[in-house]
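Read left to right, the sequence shown gives residues 1 to 498 (UniProt numbering). From the three backbone atoms N, C-alpha and C, an ideal C-beta is built for every residue, glycine too. No experiment lies behind these values; they were computed from the predicted model shown. Okay, so here's the structure we're looking at.
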Amino acid sequence: MRNIDHFIGGAAYASGERTSDVFDPNNGVVQAQVRLGTAADLQKAMGNALKAQPAWAATNPQRRARVMFNFKALVEQNMDELAHLLSSEHGKVIADAKGDIQRGLEVIEFSCGIPHALKGEYTQGAGPGIDVFSMRQPLGVVAGITPFNFPGMIPMWMFGVAIACGNAFILKPSERDPSVPVRLAQLMQEAGLPDGILQVVNGDKEMVDAILDHEDIKAVSFVGSSDIAHYVYKRGVAAGKRVQAMGGAKNHGIVMPDADLDQVVNDLTGAAFGSAGERCMALPVVVPVGDKTANALREKLIPAIEKLRVGISTDAEAHYGPVVNAAHKQKVENYIQMGVDEGAELVVDGRGFTLQGHEKGFFVGPTLFDHVKPTMQSYQEEIFGPVLQIVRADSFEEAVRLPSDHQYGNGVAIFTRNGHAAREFAARVNVGMVGINVPIPVPVAYHTFGGWKRSAFGDINQHGMEGVRFWTKTKTVTQRWPDGSVTGENAFVIPTMG
Ligand code: NAD
1 MRNIDHFIGG AAYASGERTS DVFDPNNGVV QAQVRLGTAA DLQKAMGNAL
51 KAQPAWAATN PQRRARVMFN FKALVEQNMD ELAHLLSSEH GKVIADAKGD
101 IQRGLEVIEF SCGIPHALKG EYTQGAGPGI DVFSMRQPLG VVAGITPFNF
151 PGMIPMWMFG VAIACGNAFI LKPSERDPSV PVRLAQLMQE AGLPDGILQV
201 VNGDKEMVDA ILDHEDIKAV SFVGSSDIAH YVYKRGVAAG KRVQAMGGAK
251 NHGIVMPDAD LDQVVNDLTG AAFGSAGERC MALPVVVPVG DKTANALREK
301 LIPAIEKLRV GISTDAEAHY GPVVNAAHKQ KVENYIQMGV DEGAELVVDG
351 RGFTLQGHEK GFFVGPTLFD HVKPTMQSYQ EEIFGPVLQI VRADSFEEAV
401 RLPSDHQYGN GVAIFTRNGH AAREFAARVN VGMVGINVPI PVPVAYHTFG
451 GWKRSAFGDI NQHGMEGVRF WTKTKTVTQR WPDGSVTGEN AFVIPTMG
């Protein structure tokens with residue numbers, strides 16, 4: 001049995017009495033054991049980080065950026081290996097696993113421009129002989145806690161920007177698929193990153209709590225489910241840290257009567273069922289406006305869903321693979337039963353799906369519900385599986401209200417040919433990321449990513465310039481260089497420019 005160790009001080013570190021099973025979701029078997037670390041393991045990493053960080057911060061930003069350039073090249077060279085590793089623990093198909101890594105690499109590309117992004121502001125002559133300038137300085141040692149569903153992209157969202165800014169970074173990846181994060185840390189070292197600047201501590205709640213309570217960790221970025229995000233936010237802030245904590249989602253796709261339904265069906269099947277629905281920017285709720293639109297959409301959706309190919313993650317023809325583990329499969333199937341019990345119409349039932357030769361794999365077939373109501377618990381909560389729910393709206397106003405009133409506010413999309421409706425919708429909807437005829441509106445790396453309401457706690461987004469702000473603190477200097485003569489009066493009142 002393979003063990004997945006921590007990566008501390010530039011080397012594998014095998015410590016921890018407790019372990020957790022890492023499955024092969026295609027076959028349902030345990031393929032490795034990951035170590036569940038303790039506060040003592042974190043302390044070992046902290047010693048290295050505290051020692052290494054000042055020299056890294058003092059390394060000029062262009063040289064730090066060169067490590068990012070090298071890392072990008074190494075990840076590209078190792079793309080196939082990384083994608084297979086990712087897919088073997090997560091279950092997403094290879095092409096999608098490559099997308100997971102590629103979206104993270106795009107944040108690394110952004111981080112290659114860090115010398116430009118870190119430039120401060122300057123005002124000459126803010127007062128008589130006075131100049132004001134600001135600089136962005138790293139926070140010191142910082143940490144990231146990441147979910148299972150993007151084991152490549154989300155660690156890179158965080159450590160790319162944080163490390164380029166001059167911080168040392170401790171990564172606590174999901175214990176369900178930790179191999180790619182460990183491999184990325186090894187590649188960063190190969191790219192020239194000094195030991196101790198990127199370390200991986202594996203673990204569960206015990207390790208998370210140790211991170212949140214550690215007084216030398218200055219900032220924590222978290223991505224995962226909302227209750228845990230809220231907990232991490234509260235506990236981290238109480239310990240005096242800067243915290244951003246992204247949570248769950250229930251993204252709606254609004255379909256206006258004038259939308260191109262063939263395009264919508266094509267987009268929806270990918271966005272609802274791709275990666276078995278295990279994406280925080282998946283589109284699990286579709287809101288057709290008017291019964292005519294709803295009926296026409298449903299008629300086209302059913303055959304498209306029936307054509308979907310569910311397969312093992314290395315099947316190049318498969319649209320999606322298994323969900324991550326047996327507990328998650330059970331959870332998704334429980335939500336399907338809940339929908340039935342609540343009175344929604346189960347149009348396509350994906351329960352009980354088995355794949356020949358892979359009977360123990362964690363597969364869930366594509367599922368479609370119609371006549372789902374906003375009062376139903378199965379609508380209000382995140383299912384995070386290959387389940388699409390149709391919620392019929394009578395009007396545009398109702399369609400704006402549904403995602404706006406939902407507890408989550410990560411992403412939303414509108415499908416229409418009407419520019420006015422799209423513009424109104426984008427301006428008014430109470431959600432953080434909006435797609436106009438774009439089903440999964442994940443912003444590109446040099447913009448920023450973040451939801452609203454219970455999809456994100458804290459006020460600064462991931463990556464782009466918001467990421468630079470999150471991982472640095474601003475220092476502002478007001479300077480005067482007197483020429484030797486004493487000028488001005490003694491001032492006992494606050495200086496103003498009045
Ligand atoms: P999760 O909340 O179970 O785990 C996330 C992290 O928290 C993991 O590292 C895990 O070890 C840790 N953790 C788990 N239980 C904990 C506890 N009791 N105390 C402290 N830490 C704990 O999330 P997941 O199932 O790995 O990921 C899926 C969730 O993440 C979904 O809700 C999805 O919507 C969300 N997500 C959100 C975004 C976003 O940007 N908003 C992106 C991706 C995923």
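Using a Cβ distance threshold of 7 Å, ALA164 and GLY458 do not count as a contacting pair. With 16 or more other CB atoms across the displayed protein chains lying within 10 angstroms of its CB, TYR231 is buried. Residue nearest to HIS214 within the set ALA14, GLN263, ALA49 is ALA49 (criterion: CA-CA distance). When the Cα atoms are used, TRP471 and THR293 turn out to be separated by approximately 46 Å. With fewer than 16 other CB atoms across the displayed protein chains lying within 10 angstroms of its CB, THR476 is exposed.
Burial check for ALA191: the Cβ neighbour count within 10 Å reaches 16 or more, so the residue is buried. Taken in chain order, the complete alpha helix (DSSP H) segments of 4 or more residues contained in the segment 129-202 are 153-164, 179-190. When the five nearest sequence neighbours on each side are left out, the beta carbons in the same chain lying within less than 8 Å of the beta carbon of HIS84 are those of ILE94, ALA97, THR314, in order along the chain. By the neighbour-count criterion, in which a residue is buried when 16 or more other Cβ atoms sit within 10 angstroms of its Cβ, TYR233 is buried.
Between the alpha carbons of ILE494 and PHE133 lies a distance of about 20 Å. Shown here, TRP452 sits in a strand according to DSSP, grouped into three states. Within the model, the alpha-carbon separation for ARG392 versus LYS360 is close to 36 Å.
Around the beta carbon of THR367, a 10 Å sphere encloses 16 or more other beta carbons of the protein chains shown; the residue is thus reported as buried.
DSSP places ALA491 outside any beta strand (DSSP E), giving it a letter other than H or E.
Within its own chain, the residues whose Cβ lies closer than 6 Å to the Cβ of ASP131, once the five positions on either side in sequence are excluded, are GLN124, GLN479, listed in chain order. Relative to ALA210, the option among HIS252, ILE145, GLY464, GLY274 whose CA is nearest is ILE145. Note that the segment 303-311 does not touch the segment 408-419; fewer than 3 beta-carbon pairs, one per stretch, sit closer than 8 Å. Measuring C-alpha to C-alpha distances from ALA162 to each of MET207, ILE217, SER395 identifies ILE217 as the nearest.
The Cβ neighbour count for GLU81, taken over all protein chains shown within 10 Å, is under 16; the residue is labelled exposed. For VAL387, the enclosing beta strand (DSSP E) stretches over residues 387-390. Boundaries of the alpha helix (DSSP H) around ASN70: 61-77. In the DSSP assignment, THR367 falls within the beta strand (DSSP E) that extends over 367-370.
Annotation: ILE390 to ALA12 spans about 48 Å, alpha carbon to alpha carbon.
Residue environment: GLY352 is assigned as exposed (fewer than 16 neighbouring CB atoms within 10 Å of its CB, all protein chains considered). Between the C-alpha atoms of ASN490 and SER111 there is a straight-line separation of about 47 Å. In this structure ASN295 is exposed. Its beta-carbon is surrounded by fewer than 16 other beta-carbon atoms within 10 angstroms. Residue ranges of uninterrupted alpha helix (DSSP H) with 4 or more members, entirely inside the segment 319-381 and ordered along the chain, are 326-342, 377-380. For the pair VAL200 and VAL223, the CB atoms are not nearer than the 7 Å cut-off. For MET246, the shortest C-beta to heavy atom distance toward the ligand NAD is below 6 Å. As computed with DSSP, ASN3 is found in a beta bridge with GLN33. In the structure shown, the three-state DSSP call for HIS214 is coil. With a contact defined as Cβ atoms closer than 8 Å, GLY464 and ALA445 qualify at about 7 Å. The three-state secondary structure of TYR233, taken from DSSP, is helix. For PRO54, no beta strand (DSSP E) encloses it; the enclosing alpha helix (DSSP H) starts and ends at 39-58. Taking C-beta atoms as the reference points, ALA422 and ILE436 count as a pair closer than 7 Å.
With a 10 Å radius around the Cβ and a threshold of 16 neighbouring Cβ atoms, THR474 comes out exposed.
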